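Before any comments, here is the structure.
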Amino acid sequence: MSKPIVVKSSDGETFEIDEAVASQSQIIKYMIEDGCADGGIPLPNVAGKVLSKVIEYCKKHVDHQSETKKDNNHDAEFMLSLRDDVNALYIPSVFFVDVLRAALYLEIQGLVDLCFDYSLNPEIVKNQFRDMTPEEEAKIRRENPWAF
1 MSKPIVVKSS
11 DGETFEIDEA
21 VASQSQIIKY
31 MIEDGCADGG
41 IPLPNVAGKV
51 LSKVIEYCKK
61 HVDHQSETKK
71 DNNHDAEFML
81 SLRDDVNALY
91 IPSVFFVDVL
101 RAALYLEIQG
111 LVDLCFDYSL
121 NPEIVKNQFR
131 DMTPEEEAKI
141 RRENPWAF
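The opening residue of the sequence shown carries number 1 in the numbering used here; numbering runs sequentially from there.
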């Protein structure tokens, strides 16, 4: 196990994570390599709730590095948890976009790719509409005519 790294969110939450988990972010990895991580790493563009989810993703990928993307359900479960966290009816939810922004900011390419794959997959988008009432679907169609 590598040394613990402390990261601080924009709203003051601190998270102590293993260096291997933190190094999933290219930005944090460079800071560790440059010796800039000893006093904690401030992340002014990432709120605590979002950072918690990003860390969850990174932990799963450190724990399951030997598995291929097709051999595990971790990514699908993670993306569903984003939807469940905000009770979103359709993509993109505000929380989903915040996670994507954090992944871009922290340079976590696997999470960036996953977010884009998930949000652009027509089957996943179609499944989001399955449990909607006709009123909910009509509202979304009115608010997003460009998508239909």
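Where is the CB? At the ideal position from N, CA and C, for every residue including glycine.
These numbers come from a predicted model, not from an experiment.
Please state whether DSSP places residue i in a helix, a strand or coil.
i, result
"Val-153", "Outside the displayed span of the chain (1 to 148) sits residue 153, for which this structure offers no information."
"Ser-10", "coil"
"Asp-34", "coil"
"Pro-149", "Look at the range of the chain in this structure, 1 to 148, and you will see that residue 149 is not part of it."
"Glu-136", "helix"
"Lys-69", "Unreliable placement is indicated for Lys-69, whose pLDDT of 49 sits below 50; the coordinate value is still reported in the next sentence. Three-state DSSP puts Lys-69 in a helix."
What whole-angstrom Cβ distance do residue i and residue j have, given they're in contact under 8 Å?
i, j, result
"Leu-82", "Lys-53", "7 Å"
Smallest Cα separation from residue i: which of the options?
i, options, result
"Glu-10", "Pro-42, Glu-33 and Tyr-118", "Rather than Glu, the amino acid found at residue 10 in this sequence is Ser. Among Pro-42, Glu-33 and Tyr-118, the Cα nearest to that of Ser-10 is on Pro-42."
"Ala-20", "Lys-3, Asp-34, Thr-14 and Glu-13", "Lys-3"
"Ala-37", "Ile-55, Asp-18, Val-50 and Gly-48", "Asp-18"
"Val-50", "Glu-33, Val-6 and Phe-95", "Phe-95"
"Asn-45", "Ser-119, Glu-135 and Asp-98", "Asp-98"
"Gly-48", "Val-6, Thr-133 and Glu-13", "Glu-13"
"Val-7", "Leu-100, Glu-77 and Ile-55", "Ile-55"
"Ser-23", "Asn-73, Thr-133, Cys-58 and Glu-137", "Cys-58"
I want to see whether chain C comes within less than 8 Å of residue i, judged by CB atoms only; does it?
i, result
"Phe-15", "Looking for chain C here will not work: only one protein chain is present."
Buried or exposed for residue i, please, with buried defined as at least 16 other CB atoms from any protein chain shown within 10 angstroms of its CB.
i, result
"Asp-75", "buried"
"Phe-116", "exposed"
"Lys-139", "exposed"
"Leu-80", "exposed"
- Message: Using 8 Å as the cut-off, can you tell me whether the stretch 19-35 makes contact with the stretch 104-114, which would need three or more C-beta pairs spanning the two stretches below that distance?
- Response: Segments in contact, yes.
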